[in-house]
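*Asks:* Mind looking over this structure? Questions follow.
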Amino acid sequence: SINIPQKLFGEVTSPLYPKPYPNNFEATTVISVPVGHRVKLVFWHFDVEPSEGCFYDYVKIAADKKSLGRFCGQQDSPLGNPPGRREFVSQGNKMLLTFHTDFSNEENGTVMFYKGFLAYYHAVDLDECAPQPANSVDDAPQPRCQHLCHNYIGGYFCSCHPGYALQKDKHSCQAECSSRLYTEPSGYISSLEYPQPYPPNLQCNYSIRVERGLTLHLKFLEPFEIDDHQQVRCPYDQLQIYANGKMLGEFCGTQKPPDLDTSSNAADLLFFTDESGDSRGWKLRYTTEIIKCPQPKALDEFTIIQDLQSQYQFRDYFIVNCKQGYQLVEGTKALLSFTAVCQDDGTWHRAMPRCKIKDCGQPKDLPNGDFHYTTATGVNTYQAQIQYQCREPYYKMYTRAGISEATRGTFTCTAQGIWKNEQEGEKIPRCLPVCGKPVHPVQQQQR
Amino acid sequence: IVGGQKAKPGNFPWQALTSIHGRGGGALLGDRWILTAAHTLFPKDHNSQLNTSVDVFLGHTNVEEIRKMSNHPIRRVSIHPDYRQHESHNFDGDIALLELENSVTLGPNLLPICLPDNETFYDKGLMGYVSGFGIMEERIAYDLRFVRLPVARREACERWLREKNRNDVFSENMFCAGDPTLKQDACQGDSGGVFAVRDPHSDRWVATGIVSWGIGCSRGYGFYTKLLNYVDWIKKEMGEE
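Here the protein sequences line up with chains A and Y, keeping their order.
Heads up: the first sequence begins at 1 in our numbering, then just goes up one per residue.
Heads up: the second sequence begins at 448 in our numbering, then just goes up one per residue.
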């Protein structure tokens with residue numbers, strides 16, 4: 001046989017063409033084109049000794065292990081079996097052309113000369129995606145790709161429907177649903193092929209992750225159909241739903257699950273199927289709702305919640321103040337200010353504080369003086385009042401001009417928790433020594 | 448005190464007993480200042496160093512009892528800058544202040560005396576009281592004694608000094624009290640105590656002089672540091688108190 005180097009096109013001729021071909025010759029020319037192409041061959045000139053059934057000289061064409069014909073005679077002649085303008089096309093990238101001659105070329109005792117043939121071939125792109133012939137009568141045609149086939153010059157490739165992944169054999173598609181992520185605030189999730197039966201051997205994980213401060217609601221749609229068993233719960237296929245680290249339910253059968261409130265911004269749906277089954281699967285719509293915190297409520301009548309809103313949601317906050325003369329306390333700790341923020345789980349990040357009446361504490365001792373309560377004795381809270389006095393007659397309270405000792409000595413527990421005098425503020429009065437006033441001055445009765 | 452009488456508790460509650468170079472007197476100002484004579488701290492004809500202890504007692508009329516009431520520690524001694532220790536016959540500027548370490552608590556037996564604010568406190572004949580734990584002629588006193596003396600006429604005291612051929616300085620910062628005809632006077636150990644006058648307008652007792660010097664005791668006039676001339680200095684030393 002003669003192997004022609006692989007080319008996209010070329011010519012094949014009989015030996016010595018266009019001179020008469022030799023007797024007793026047989027050779028098979030192997031025409032090959034690049035893989036992914038088929039061979040198309042046309043005879044441009046054909047002049048081979050004609051005979052009944054092309055018994056003596058002939059050109060035989062074969063491809064794909066099948067004969068495409070045996071040819072002899074001349075173009076446009078009724079004798080023999082000339083190929084005419086017929087195009088011979090292979091399925092594969094090879095075509096065999098066998099040229100056979102016998103010992104002579106005579107006709108009625110006259111030696112005849114035949115030029116032979118000139119054939120032209122070229123590569124034609126093979127549409128690999130075209131339906132393949134069946135291997136046997138019973139078999140259905142086998143597609144090259146399980147899902148989608150894409151032809152290109154010299155080759156093809158396969159791809160899969162959404163939700164499936166092309167396997168290593170580059171032909172088959174396997175459902176791929178092991179890490180589906182949904183981040184939109186609402187949407188639909190369904191089993192593969194829904195409402196057509198879902199594929200076998202699934203291990204799907206659908207994760208819903210929405211913003212903090214939102215809570216997810218799940219609502220299943222009809223039809224809901226997962227393989228089930230009457231006696232054993234969900235032995236074949238099952239849909240499990242998780243949120244907040246807990247399983248909210250495991251579902252199968254044809255009864256649609258109830259609407260689910262996850263109380264979370266994250267939920268996971270796991271769907272497992274076995275190798276068989278013909279159920280149509282499931283579909284749900286998930287929606288989100290912004291999380292709300294409980295309405296803040298004052299614990300006592302002295303607490304003021306600033307700009308109270310009708311409702312509070314995630315990231316909202318409220319500020320608490322006290323009425324004048326009262327102090328914010330959290331447990332036993334005094335606070336300068338208080339703000340509570342609504343958290344993503346619908347709780348306040350701090351508990352409501354209380355307002356405790358301001359305590360000015362024990363009044364300062366007055367050197368060389370004393371004080372007494374003009375309000376309840378021993379009570380040092382807001383609005384309590386004391387009166388400082390100097391130890392007379394030995395000391396006298398120092399006052400500015402025009403201010404009486406009573407005024408200077410009066411101290412009130414203020415809203416700031418400090419004892420204060422109206423005129424002098426926090427500064428307590430001074431008791432100054434009284435000079436020249438003996439209690440028992442010298443007296444002389446004798447004259 | 449010569450020719451005087453024993454004081455009752457509370458008669459002179461400002462009276463201090465000092466023990467420096469011997470017995471001396473003083474008067475309480477405010478609640479932590481003692482007014483005294485500079486020469487009780489730096490006596491004439493004596494070493495200029497104050498290297499002896501300064502003990503101050505307050506609040507009683509009996510020497511033994513007052514000493515039992517514990518000494519009041521001194522924070523600071525302030526001598527008037529005009530005082531000349533080495534001029535034996537010049538008692539000008541004979542005034543000093545002792546600042547106590549701690550304030551004292553005032554009571555019926557311990558009260559300050561006031562300072563003068565005008566010249567009327569030095570009018571001729573104005574009676575004042577001089578008190579002290581000083582000697583009674585030739586006897587030591589065990590109790591606080593006092594004597595009532597008139598402010599003397601300045602010219603009379605000057606004449607009296609001239610007659611005695613004394614070269615002692617009788618400055619404008621001094622006044623004299625007593626009467627040569629009376630056997631009443633302050634004496635050694637009374638120095639530093641005050642000449643106290645009751646102001647009838649304010650009903651307050653005012654210290655107008657400090658017992659300073661004399662020629663003998665009860666044989667003439669007694670000489671006193673005129674406090675009115677030193678009120679500004681005292682106020683400056685005592686600060687806002």
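Virtual Cβ for every residue (Gly too), placed ideally from N, Cα, C.
On a predicted model such as this, the values are computed, not experimentally measured, just so you know.
1) Nearest-angstrom Cα distance between Ser14 (chain A) and Pro162 (chain A)?
2) Rounding to the nearest angstrom, what Cα-Cα distance links Asp316 (chain A) and Ser186 (chain A) in this structure?
3) Excluding five sequence neighbours on each side, which residues of the same chain lie with their C-beta closer than 6 Å to the C-beta of Asn537 (chain Y)?
4) Leaving out five residues on either side along the sequence, give the residues of the same chain with a beta carbon under 8 Å from the beta carbon of Asp344 (chain A).
5) Quick check: what's the CA-CA separation for Pro429 (chain A) versus Cys413 (chain A)?
6) If contact means a Cβ-Cβ distance below 7 Å, which residues of the region 555 to 573 of chain Y contact chain A?
7) Please return the same chain residues whose Cβ sits closer than 6 Å to the Cβ of Ser1 (chain A), not counting the five positions on each side in sequence.
8) Mapping the DSSP letters down to three states, classify Tyr58 (chain A) as helix, strand or coil.
9) By DSSP, does Met685 (chain Y) sit in helix, in strand, or in coil?
10) Of all the options Y:Asn565, Y:Gly625 and Y:Lys611, which has the alpha carbon lying nearest to the alpha carbon of His648 (chain Y)?
11) Arg285 (chain A): which of A:Arg350, A:Phe55, A:Tyr188 and A:Asn3 sits nearest, CA to CA?
12) How far does the alpha helix (DSSP H) with Gly409 (chain A) in it reach, from first residue to last?
13) Just grab the DSSP bridge partners of Phe25 (chain A) for me.
14) When the distance is taken between beta carbons, is Asp626 (chain Y) closer than 8 Å to Val658 (chain Y)?
15) Considering Arg38 (chain A), what are the terminal residues of the alpha helix (DSSP H) in which it resides?
16) Closest to Leu336 (chain A) by C-alpha separation, out of A:Val379, A:Gln416, A:Asp268 and A:Thr374, would be which residue?
17) Under the three-state reduction of DSSP, which class applies to Val598 (chain Y): helix, strand or coil?
18) Is the region 92 to 103 of chain A in contact with the region 58 to 65 of chain A, if contact means three or more CB pairs nearer than 8 Å?
19) Is any beta-carbon of chain A found at less than 8 Å from that of Val616 (chain Y)?
20) Measure how close the beta-carbons of Tyr671 (chain Y) and Phe642 (chain Y) come, nearest whole angstrom, since I'm counting them as under 8 Å.
21) Below 7 Å CB to CB, which residues in the same chain sit around Pro456 (chain Y) once its five sequence neighbours on both sides are set aside?
22) Would DSSP call Tyr530 (chain Y) helix, strand or coil?
23) Quick one: does Pro429 (chain A) have its CB under 8 Å from some CB of chain Y?
24) Can you tell me where the beta strand (DSSP E) with Leu218 (chain A) in it begins and where it stops?
25) Can you round the beta-carbon distance between Leu547 (chain Y) and Arg522 (chain Y) to whole angstroms, since I take them to be within the 8 Å contact cut?
26) Considering only C-alpha positions, which residue in the set Y:Asn458, Y:Trp461, Y:His468 and Y:Ala454 is nearest to Gln635 (chain Y)?
27) Span of the alpha helix (DSSP H) holding His486 (chain Y)?
28) Measuring only the C-alpha atoms, how far is Gln462 (chain Y) from Tyr576 (chain Y)?
29) Decide yes or no for the touch test of the region 427 to 446 of chain A against the region 363 to 375 of chain A: beta carbon pairs closer than 8 Å, at least 3 of them.
30) Helix, strand or coil for Gly469 (chain Y)? Go by DSSP, reduced to three states.
31) What is the residue span of the beta strand (DSSP E) that Lys515 (chain Y) lies within?
32) Taking 8 Å as the CB-CB limit, is Val653 (chain Y) close to chain A?
33) With three or more beta-carbon pairs closer than 8 Å as the criterion, would you say the region 320 to 334 of chain A touches the region 350 to 367 of chain A?
34) Have a look at Gly425 (chain A) and Gly639 (chain Y) and give me their C-alpha separation to the nearest angstrom.
35) List, in order along the chain, the chain Y residues whose C-beta lies closer than 9 Å to that of Tyr395 (chain A)?
36) What residues in the region 354 to 370 of chain A have a beta carbon less than 9 Å from any beta carbon of chain Y?
*Replies:* Judging by the given coordinates:
1) Along the first sequence, one-based indexing puts residue 14 (chain A) at 14. Along the first sequence, one-based indexing puts residue 162 (chain A) at 162. The straight-line gap from Cα to Cα measures roughly 55 Å.
2) Here residue 316 (chain A) is taken as the residue at index 316 of the first sequence, counted from 1. Here residue 186 (chain A) is taken as the residue at index 186 of the first sequence, counted from 1. C-alpha separation (whole angstroms): 23 Å.
3) Taking the second sequence and counting its residues from 1, the one referred to as residue 537 (chain Y) is at position 90. Result list for Asn537 (chain Y): Arg531 and Val616, in chain order.
4) Position 344 of the first sequence, counting from 1, holds the residue named residue 344 (chain A). Result list for Asp344 (chain A): Arg212, Gly213, Asn265, Ile291 and Phe314, in chain order.
5) One-based indexing of the first sequence puts residue 429 (chain A) at position 429. One-based indexing of the first sequence puts residue 413 (chain A) at position 413. Cα to Cα, Pro429 (chain A) sits roughly 16 Å from Cys413 (chain A).
6) Cβ contacts with chain A come from Pro555, Leu558, Pro559, Ile560 and Cys561.
7) Here residue 1 (chain A) is taken as the residue at index 1 of the first sequence, counted from 1. Closer than 6 Å at Cβ, skipping near neighbours: Thr28 and Val30.
8) By one-based count along the first sequence, residue 58 (chain A) stands at place 58. The answer is strand: DSSP assigns Tyr58 (chain A) an E or B state.
9) In the second sequence, counting from the first residue as 1, residue 685 (chain Y) sits at position 238. Of the three classes helix, strand and coil, the one that applies to Met685 (chain Y) here is helix, per DSSP.
10) Along the second sequence, read from residue 1 onward, the residue named residue 648 (chain Y) stands at position 201. The candidate whose alpha carbon is nearest that of His648 (chain Y) is Y:Asn565.
11) Position 285 of the first sequence, counting from 1, holds the residue named residue 285 (chain A). Arg285 (chain A) has its Cα closest to that of A:Tyr188, out of A:Arg350, A:Phe55, A:Tyr188 and A:Asn3.
12) Counted from its first residue, the first sequence places residue 409 (chain A) at position 409. It spans Glu405 to Gly409 - the alpha helix (DSSP H) in which Gly409 (chain A) sits, taken as one unbroken run.
13) Here residue 25 (chain A) is taken as the residue at index 25 of the first sequence, counted from 1. BP columns for Phe25 (chain A) are empty, so no partner.
14) The sequence position of residue 658 (chain Y) within the second sequence is 211, counting from 1. The sequence position of residue 626 (chain Y) within the second sequence is 179, counting from 1. The answer is no: Cβ separation not under 8 Å.
15) Position 38 of the first sequence, counted from the start, is the residue given in the question as residue 38 (chain A). Per DSSP, Arg38 (chain A) belongs to no alpha helix (DSSP H); it is in the beta strand (DSSP E), His37 to Val48.
16) Along the first sequence, one-based indexing puts residue 336 (chain A) at 336. For Leu336 (chain A), the nearest C-alpha among the options comes from A:Gln416.
17) Along the second sequence, read from residue 1 onward, the residue named residue 598 (chain Y) stands at position 151. Per DSSP, reduced to three states, the secondary structure at Val598 (chain Y) is strand.
18) yes
19) In the second sequence, residue 616 (chain Y) corresponds to position 169, counting from 1. Chain A, which has no Cβ nearer than 8 Å to the Cβ of Val616 (chain Y), makes this no.
20) As a first step, residue 671 (chain Y) is located in the second sequence; it is residue number 224 there, counting from the start. As a first step, residue 642 (chain Y) is located in the second sequence; it is residue number 195 there, counting from the start. Tyr671 (chain Y) to Phe642 (chain Y), Cβ: 5 Å. Contact.
21) Stepping through the second sequence from its first residue, residue 456 (chain Y) is reached at position 9. These residues qualify, in order along the chain: Thr508 and Asn556.
22) Counted from its first residue, the second sequence places residue 530 (chain Y) at position 83. Coil, per DSSP.
23) As a working mapping, residue 429 (chain A) is identified with position 429 in the first sequence. Answer no: the Cβ-Cβ gap between Pro429 (chain A) and chain Y never drops below 8 Å.
24) Within the first sequence, numbered from 1, the residue matching residue 218 (chain A) stands at position 218. Start and end: Leu214 to Phe220.
25) The count along the second sequence starts at 1 and reaches residue 547 (chain Y) at position 100. The count along the second sequence starts at 1 and reaches residue 522 (chain Y) at position 75. That pair is a contact at about 6 Å.
26) Here residue 635 (chain Y) refers to the residue found at position 188 when the second sequence is read from its first residue. Cα-wise, what sits closest to Gln635 (chain Y) is Y:His468.
27) Position 39 of the second sequence, counting from 1, holds the residue named residue 486 (chain Y). From DSSP, the alpha helix (DSSP H) with His486 (chain Y) extends over Ala485 to Leu488.
28) In the second sequence, counting from the first residue as 1, residue 462 (chain Y) sits at position 15. In the second sequence, counting from the first residue as 1, residue 576 (chain Y) sits at position 129. Looking at the two C-alpha atoms, the distance is approximately 12 Å.
29) yes
30) For the purposes of this step, residue 469 (chain Y) is taken as the residue at position 22 of the second sequence. Residue state, collapsed to three classes: coil.
31) Here residue 515 (chain Y) refers to the residue found at position 68 of the second sequence. Premise fails: Lys515 (chain Y) lies in the alpha helix (DSSP H), Val510 to Lys515, not in any beta strand (DSSP E).
32) Stepping through the second sequence from its first residue, residue 653 (chain Y) is reached at position 206. Interface residue, yes.
33) yes
34) By 1-based counting over the first sequence, the position of residue 425 (chain A) is 425. By 1-based counting over the second sequence, the position of residue 639 (chain Y) is 192. Spanning the two alpha carbons is a distance of roughly 42 Å.
35) The sequence position of residue 395 (chain A) within the first sequence is 395, counting from 1. Proximity of chain Y to Tyr395 (chain A) at the Cβ level (cut-off 9 Å) is accounted for by Asp478 and Leu553, in chain order.
36) Only Pro367 and Asn368 from the region 354 to 370 of chain A bring a Cβ to less than 9 Å from some Cβ of chain Y.
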